[in-house]
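Chains as they are written, first to last, in our numbering: chain A, 9 to 176; chain B, 30 to 176.
Working notes, beginning with the structure itself.
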Amino acid sequence: MATRRQTACAVLLLFCVATASGTLYGVVSAPVSSDPSKASVSNVQLFTAKFDLPGKRYANIAQNFIKMGQLQVPSMLGAIDDIQGNYFFVGDDNVILSTNVIIEANQAVYDLYADKIFSTSFDSANKSLVVLLQEDGVAALAAMPQGSFIGLWALPPIITASNPWSAP
Amino acid sequence: MVGTIDDKRNYYLLAKAGAKHLVLTYSIINSQIVHMFPLSAAFTEDLIPLTCYLDPQTGGLVGLAASASGTPTTTFYMEINPSSGAVYTLKKLSISLTASAFDPVERRVYLADTAGNLYTISLDSHILSPPMPFGLNIVSLAWSNTF
Numbered sequence: 009m010a011t012r013r014q015t016a017c018a019v020l021l022l023f024c025v026a027t028a029s030g031t032l033y034g035v036v037s038a039p040v041s042s043d044p045s046k047a048s049v050s051n052v053q054l055f056t057a058k059f060d061l062p063g064k065r066y067a068n069i070a071q072n073f074i075k076m077g078q079l080q081v082p083s084m085l086g087a088i089d090d091i092q093g094n095y096f097f098v099g100d101d102n103v104i105l106s107t108n109v110i111i112e113a114n115q116a117v118y119d120l121y122a123d124k125i126f127s128t129s130f131d132s133a134n135k136s137l138v139v140l141l142q143e144d145g146v147a148a149l150a151a152m153p154q155g156s157f158i159g160l161w162a163l164p165p166i167i168t169a170s171n172p173w174s175a176p
Numbered sequence: 030m031v032g033t034i035d036d037k038r039n040y041y042l043l044a045k046a047g048a049k050h051l052v053l054t055y056s057i058i059n060s061q062i063v064h065m066f067p068l069s070a071a072f073t074e075d076l077i078p079l080t081c082y083l084d085p086q087t088g089g090l091v092g093l094a095a096s097a098s099g100t101p102t103t104t105f106y107m108e109i110n111p112s113s114g115a116v117y118t119l120k121k122l123s124i125s126l127t128a129s130a131f132d133p134v135e136r137r138v139y140l141a142d143t144a145g146n147l148y149t150i151s152l153d154s155h156i157l158s159p160p161m162p163f164g165l166n167i168v169s170l171a172w173s174n175t176f
């Protein structure tokens, strides 16, 4: 019996931690119409969603700037500014878009004129979005505090902007 | 290549130099490479690095990469010591990844696949959860511990 009681407590504790630790956000695409005959790129909307886990539900919190078309590689990138609530993601032509998850509205579009964006991370210590990118064939880091561009640091040449990890 | 940052402005990269897969630590403050090690794992197929996360509890780097070939697309999950290059966990996940996010408190990675499912994988157990179907094409994910 003691073992059963301990197990139940452990499960309850895990559940409480899971619901209190944070929130999962995402950019999702869904067809505007359920009519298969209208299936096309222009029939797709993109929006920022808030996921309810593990309830298998989501809430549409903002239609994105790109209401049709497709996010292009590397579309899977995303980072949240845990200070102001801006969710940054990468859209077509390597522009960075942001949705504020507090006011549930789109905020801005930033174009770093990068050939390619590899990663987005939020630097909490400096309240900046840090972007790993390639520009003119050189790998570089860009910092964007408060959403404004301030600096670009070229990485040492040994850090090649190779992708994928295939054999040379 | 992919990368992520810590609270001391060290930027961690999974990159490639020549034929070697590397893990690098680059100090933004000093504008220099602090560590650079080849990964200890020998990959038998071409990979496309997708993203990486820093585990604040262990200092390890969690990397996700896709197989460049194969059906269905395989996702490689790996845990790397950025101070040695040792790959101490390497798992093949039979999902076609479209997006991911990391919860550093619970130490779990959220994964989305092309079928509109969400999964989690714990950094402790390395067990992939059953799929949670949302029925949407998830193209980006991000985790917030605050909002």
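All residues carry an ideal CB built from backbone N, CA and C; glycine is no exception.
For residue j and residue i, believed in contact at Cβ under 8 angstroms, the rounded distance
i: Leu140 of chain A; j: Gly32 of chain B; result: 5 angstroms
i: Val52 of chain B; j: Leu83 of chain B; result: Val52 of chain B to Leu83 of chain B, Cβ: 11 angstroms. No contact.
i: Ile167 of chain A; j: Ala147 of chain A; result: 5 angstroms
i: Thr107 of chain A; j: Tyr95 of chain A; result: 5 angstroms
i: Ser98 of chain B; j: Glu74 of chain B; result: 7 angstroms
i: Leu85 of chain A; j: Thr128 of chain A; result: 5 angstroms
Within chain A, the residues that residue i reaches when beta carbons sit closer than 7 angstroms
i: Asp132 of chain B; result: Ser29 and Gly30
i: Asn39 of chain B; result: Those within 7 angstroms of Asn39 of chain B in chain A number zero; the least Cβ separation is about 10 angstroms.
i: Leu157 of chain B; result: What Leu157 of chain B touches in chain A: nothing, since even the nearest Cβ is about 14 angstroms away.
i: Tyr55 of chain B; result: Leu163
i: Asp36 of chain B; result: Ser132 and Ala133
i: Ile62 of chain B; result: Pro164
i: Ile167 of chain B; result: Gly34 and Val36
i: Thr118 of chain B; result: Under the 7 angstroms cutoff, chain A gives no residues; its nearest Cβ is about 18 angstroms from Thr118 of chain B.
Chain A contact for residue i (CB, 9 angstroms cutoff)
i: Ala141 of chain B; result: yes
i: Glu108 of chain B; result: no
i: Ala144 of chain B; result: no
i: Gly88 of chain B; result: no
i: Asn174 of chain B; result: yes
i: Gly32 of chain B; result: yes
i: Thr80 of chain B; result: yes
i: Ala46 of chain B; result: yes
Per-residue burial, residue i [other beta carbons within 10 Å of its own, 16 or more giving buried]
i: His155 of chain B; result: exposed
i: Tyr117 of chain B; result: exposed
i: Tyr121 of chain A; result: exposed
i: Pro159 of chain B; result: exposed
i: Asp60 of chain A; result: exposed
i: Ala162 of chain A; result: exposed
i: Gln61 of chain B; result: exposed
i: Ile88 of chain A; result: buried
i: Pro78 of chain B; result: buried
i: Lys64 of chain A; result: exposed
i: Thr143 of chain B; result: exposed
i: Pro111 of chain B; result: buried
i: Gly92 of chain B; result: buried
i: Ile91 of chain A; result: exposed
Bridge partner(s) assigned by DSSP for residue i
i: Ala150 of chain A; result: A:Val139 and A:Leu160
i: Lys124 of chain A; result: A:Gln142
i: Lys120 of chain B; result: B:Tyr106
i: Ser129 of chain B; result: B:Leu140
i: Val52 of chain B; result: B:Leu43 and B:Phe66
i: Thr80 of chain B; result: B:Leu93
Any chain B beta carbon closer than 9 angstroms to residue i
i: Leu149 of chain A; result: yes
i: Ile167 of chain A; result: yes
i: Tyr66 of chain A; result: yes
i: Phe73 of chain A; result: no
i: Met84 of chain A; result: yes
i: Val36 of chain A; result: yes
i: Tyr33 of chain A; result: yes
i: Tyr95 of chain A; result: yes
i: Val98 of chain A; result: yes
i: Phe70 of chain A; result: Inspection of the sequence shows that residue 70 of chain A is occupied by Ala rather than by Phe. No, Ala70 of chain A does not count as interfacial toward chain B.
i: Leu120 of chain A; result: no
i: Ala113 of chain A; result: no
Residues that residue i contacts on chain B, provided the C-beta gap is smaller than 8 angstroms
i: Pro62 of chain A; result: Met161
i: Asp90 of chain A; result: Ser173, Asn174, Thr175 and Phe176
9 angstroms Cβ cut-off: residues of chain A touching residue i
i: Ala71 of chain B; result: What Ala71 of chain B touches in chain A: nothing, since even the nearest Cβ is about 12 angstroms away.
i: Gly92 of chain B; result: Result: empty, since nearest Cβ-Cβ is about 11 angstroms, beyond 9 angstroms.
Contacts of residue i in chain A (Cβ-Cβ under 8 angstroms)
i: Phe105 of chain B; result: Those within 8 angstroms of Phe105 of chain B in chain A number zero; the least Cβ separation is about 10 angstroms.
i: Leu152 of chain B; result: Within 8 angstroms Cβ-Cβ: nothing; Leu152 of chain B doesn't reach chain A, min ~14 angstroms.
i: Ser129 of chain B; result: Met84
Proximal residues of chain B, C-beta to C-beta of residue i below 7 angstroms
i: Leu160 of chain A; result: None at all; the shortest Cβ gap to chain B is about 12 angstroms.
i: Leu137 of chain A; result: Chain B residues near Leu137 of chain A: none, gap ~10 angstroms exceeds 7 angstroms.
i: Ile110 of chain A; result: Phe176
i: Leu141 of chain A; result: Within chain B, no residue comes near Leu141 of chain A; the closest Cβ sits about 10 angstroms away, beyond 7 angstroms.
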